[in-house]
C-alpha cells in the first residue's frame, strides 16, 4: 500500500484448538510463541513489516519471513525481526512469518495486496507448532480501532528532536503493539517515542497499532521538515590560557561560528549573548560568513565591531564554571538558532567545547581548532579532582596520605617534585604515601575518554622550630624546569657573564649565542603557571589557588640576579649572608620578589580569601610577594611601616603581612605579602566598577601607564604649570582634578620618613575614569627611608623639601623642576588655601591621637615588631629608640621653614 491517504486494514478471526472430545485443551506449563505481524507501505511496491508476535514463556530467537514473491530472488526471504521488502510488481502475495523460541515455534501467513493506489485489504491464515496446532481464516467487519498521532515540533533546524504522541481511537479496545517509522530509517515500538533527525530533509511518518484481532496504520506524508541550520555555535573556549591570541596579543575567550549551508549569510543584526533574558546583548555588524565557512568572535568584553575584516569582540566574557550561551537571528522577535541551554558545563583552561563532526551531542576537545573543523577526538567529560585524606598544613608527626578519585574507573598519578603529573609522568598511585618531612604533593585523575582532572596540590610542613610557625606560610609549588628555573622558568639563567665592580651592582650580559637571563624579561609572555597556598600555622586554616607567577622588581635590579652554587660560577654567598640553597636567586638578601596573578585561565578569576585579617577587602586580582631588595637589613619593615602610616592618616594603602615562603617544600626566608596597586585594588577600596588610570614612575623597562592612559595626568600637570594657582579659580580647577588632602598627607609621610628614592623612582597615582574622578596618591616601595646615618641620604636630618639626593641624578627635593610631584607641589604652594590646609594637616597628624604622634608611631612599630618576633626576635630598634623620639622636631622645623 502506498499513497497520501493509504491505510492497510486487516481483520482476523481467532480460532481455539480443541482437545479430543471437543473440550478446550488446558494451558500447558510452558507456552510456545504466537506468530503475528503487521505491515505498512513507504513507497510504491516497498512494504515495511513489523513483528508483533507474542513470545510466550521464552524469548523469540529466530524469525523466518517468506514474502511470496519468488521473482525477487534471494530477497524473497529474510531473517530480520522487522524487514522491508520491495515487491516486483503490484499484486496479491501470501506473506508468512515463522517465529521460534526454546519452547517451540509458530507461523502465520497473511494475504498482502500491493496496489498502486487506493486502499488494500489482507486475508490471513496461520498454523502453529509447539504445544498445540492451529489454523484459521476469516475476514471481519470495519476496524474498531483507528491509528492516529501527532508530533511536535514538526519543523526546525537539524539536529531536530521531535516528540511523537499516540492519539489513536481505541473504542474501548486494549492496544498491544505500536510500530513507528520516522522516514529516515529509524523506527520505534514505544507508544510515545521521541526521535532526533540529524540531517535536513522532509520525512514521512507512520504509526501502526495492533490489538487482539486487528491492526491499523496511519501514514502522514512529508510530516516532518528539517532545515539546514543557518549558523551554529560550533566551538568555544571559556578559559584561554595559552591558545589563540587577539590583535592585542591577549589570550581571551573565543566563540567559533560555522555556516553549514550552501550560501553565505550576512550576520548583520544577529546577536550573541550569555544572558537568556537579553538576546541582543552583543549585536553583529555587517559581516558575512561564507558557505561552509567559520567565524571566530573573541568574547573579551572589549566590544569591537569592525567591518573591514578585523577581529570581532563581544561586550562580555565567558564563565568557565558554566553559563548560557546563545546565537540569535535578526528576526522580530529574535529566535535562538544555536544555544547551550540552560548552560554549558564546567570548562577547563585551553580545552574547547563544541559539536562533533557529525553534529551530535556536544563534548570537549583537548586540542581547540578555531577557524577550522573540530577535532575528530571528542571527550565525554572532565575527570573530577582527586581527594586527599589529610589537609595541607603544619604537622609534628608522620602520617599516611591516601588519595581517592571521585570519577569511576579513573587512575591517579602524583608527583613530589613540583611538576604536574600526566598520563606518562609522575607516579602511579596504588597505596597511601608516607609523609614524614616537608612535601609538596600534586595529583590528578585520568580516565579514558575524559579530559584529565585539574591537578590538586597540598603542601605539608614539618618545621620543628617556632620561627617558621610564627607567621603564615606561602607555599609556591611549580615545575622547576618550566616555571621556576632553566630552561623556561622565570628565574632561568644560562651562560653569560657579569660586569665587574661592587658584587651587588654587577649586571648580567650574554657572551655567546644561546645565553639567556629570564629574570630581565617582562609581560604575560613571561608569566608561568603555579600553585600557591596560604597556610595559617595557628589552626592550619588555608587557601589554595592556581595562578600565574612573574618576577617582580625594577629592570636594573633584575639584571643583577644570579644563581648560587654548582653550575653557576663562583657566585657563593658572602660571609654573613644566608644561603637559601643552590637553586635560589641572590641580591642583598638573596630573596627574589614575585607577583601572583589570579585569572580565570588558571581556574579562578580572583582570589577570594581574607588574606589580610584587618582588611575589609577579600577579593584580589594580584598579590606581591616582596623580598625587600632595598630593605634587606634588620629590621626589614620600612616599606610596610610607611604604608601603614599613610593608612593611619586616613588613606587607602596596600595591606601587607609577614610570611614565610616555601618553594616546592623548601624554606626560602620571610617575605612581605602585599596587595598590588592595580585596577582591582582601586575598584575594591573605592567601591568602583569603572576603569582606572593608573600611572607609575617612568622606568627604562616599563612605561608609566599601568592601566588606562596618562592624558588626564598630563593635562593636570600642564594646567598647574601654565596657570597661577595663587588665584582661587585656578586652584579650584586643580583641586577638582586631584584629592588635595590626600596629596598633602602623601607628601607629609614621605617627608617624615625621609624617602630619598621617591620623586623619580617609586610612586603610583590613580584616577577613576569618570567625569568626577580625582587623582589619589598611594605609598609604594618606600624602602630607602628611616636610614641610620643621621646626616646621610634618608637619615634623621634629611630635608626632603630642598636637599640634594647625592648620587641620585642631582635631585633637589620639592624644588626639583623635573619631578612631577615637585612641580605640582610648587604650583599648589602658591595658593593660600593650600598652605593653610597643609598646616592644618600637620596639626592633625602631629597632635592629639594623630598618626604621626610619638605614641601612635610607637604603637605601629611595636605591632610590626610583635608580628615578626618569631622570625626576628632581635629586631633592630633604631626607629623606635632614635627616629621616633627625634624626627618630629626635625621635620616640623623644616615645615616651619616652608611657611607651615
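Residue numbers (the numbering used here): 681 to 1580. Virtual Cβ for every residue (Gly too), placed ideally from N, Cα, C.
DSSP three-state assignment for residue i, whether helix, strand or coil
i	result
residue 962	strand
residue 1361	helix
residue 1148	helix
residue 1132	coil
residue 1399	helix
residue 1565	helix
residue 1298	coil
residue 1036	coil
residue 765	strand
residue 1014	coil
residue 1545	helix
residue 710	coil
residue 1468	coil
residue 1030	coil
residue 842	strand
residue 1163	helix
residue 1107	strand
residue 1500	helix
residue 1138	strand
residue 777	strand
residue 786	strand
residue 1309	coil
residue 752	helix
residue 1495	helix
Integer Cβ distance of residue i from residue j, believed to fall under 8 Å
i	j	result
residue 1400	residue 1242	Incorrect: roughly 44 Å between the Cβ atoms, too far for contact.
residue 1107	residue 1090	That pair is no contact at about 15 Å.
residue 840	residue 790	Actually they are not in contact, since the Cβ atoms of residue 840 and residue 790 sit about 35 Å apart, beyond 8 Å.
residue 1306	residue 1342	Rounded, the Cβ-Cβ distance is 16 Å, inconsistent with contact.
Proximal residues to residue i (C-beta, below 6 Å), its chain only, five neighbours per side dropped
i	result
residue 1304	1232, 1275, 1354 and 1356
residue 1118	1141, 1142 and 1345
residue 987	965 and 966
residue 1362	1372 and 1446
residue 1314	1556
residue 813	With a pLDDT of 39 at residue 813, under the threshold of 50, the modelled position of that residue is not reliable, and no figure is offered here.
residue 1223	1214 and 1289
Beta-bridge pairing of residue i - partner residues as DSSP gives them
i	result
residue 903	Note: residue 903 sits in no beta bridge, so no partner.
residue 836	906
residue 757	746
residue 1042	1035
residue 993	978 and 984
residue 1534	Answer is none; residue 1534 lacks a bridge partner.
residue 1374	1387 and 1446
residue 1340	1153 and 1350
residue 715	Answer is none; residue 715 lacks a bridge partner.
residue 1575	In DSSP, residue 1575 forms no bridge with anything.
residue 1177	1189
residue 1550	Bridge partners of residue 1550: none, in fact.
residue 1122	1095 and 1137
Residues near residue i by beta carbon distance below 7 Å, same chain, minus five either side
i	result
residue 1509	1515
residue 1587	There is no way to answer for residue 1587, as the model of the chain reaches only from 681 to 1580.
residue 1580	1515, 1518, 1519 and 1522
residue 1168	1161 and 1162
residue 702	Reliability fails at residue 702, whose pLDDT of 33 lies under 50, so the model's placement of it is uncertain and the value that follows must be treated cautiously. Counting only Cβ-Cβ distances below 7 Å, and skipping sequence neighbours, we find nothing.
residue 1225	1212, 1278, 1284 and 1287
Contacting residues, own chain, Cβ-Cβ under 8 Å from residue i (five flanking each side not counted)
i	result
residue 825	848, 849, 850, 851, 853, 855, 889, 891, 894 and 896
residue 1495	1481, 1482, 1502 and 1506
residue 1358	1301, 1302, 1374, 1386 and 1387
residue 1277	1207, 1227, 1228, 1229, 1230, 1301 and 1302
residue 1517	1420, 1421 and 1424
residue 1008	950, 951, 952, 953, 959, 960, 1014, 1015, 1016 and 1017
residue 956	1004, 1006, 1021 and 1022
residue 1146	1550
Subject >> Secondary structure, beta strand (DSSP E): runs of 3+ residues fully inside the segment 1064-1094 >> reply: 1079-1081
Subject >> Ranges of the beta strand (DSSP E) found wholly within the segment 1381-1466, counting only runs of at least 3 >> reply: 1385-1387, 1444-1448 and 1455-1458
Original post:
Fully enclosed by the segment 1194-1249, which alpha helix (DSSP H) runs are 4 residues long or longer?
Top reply: Runs found: 1235-1238.
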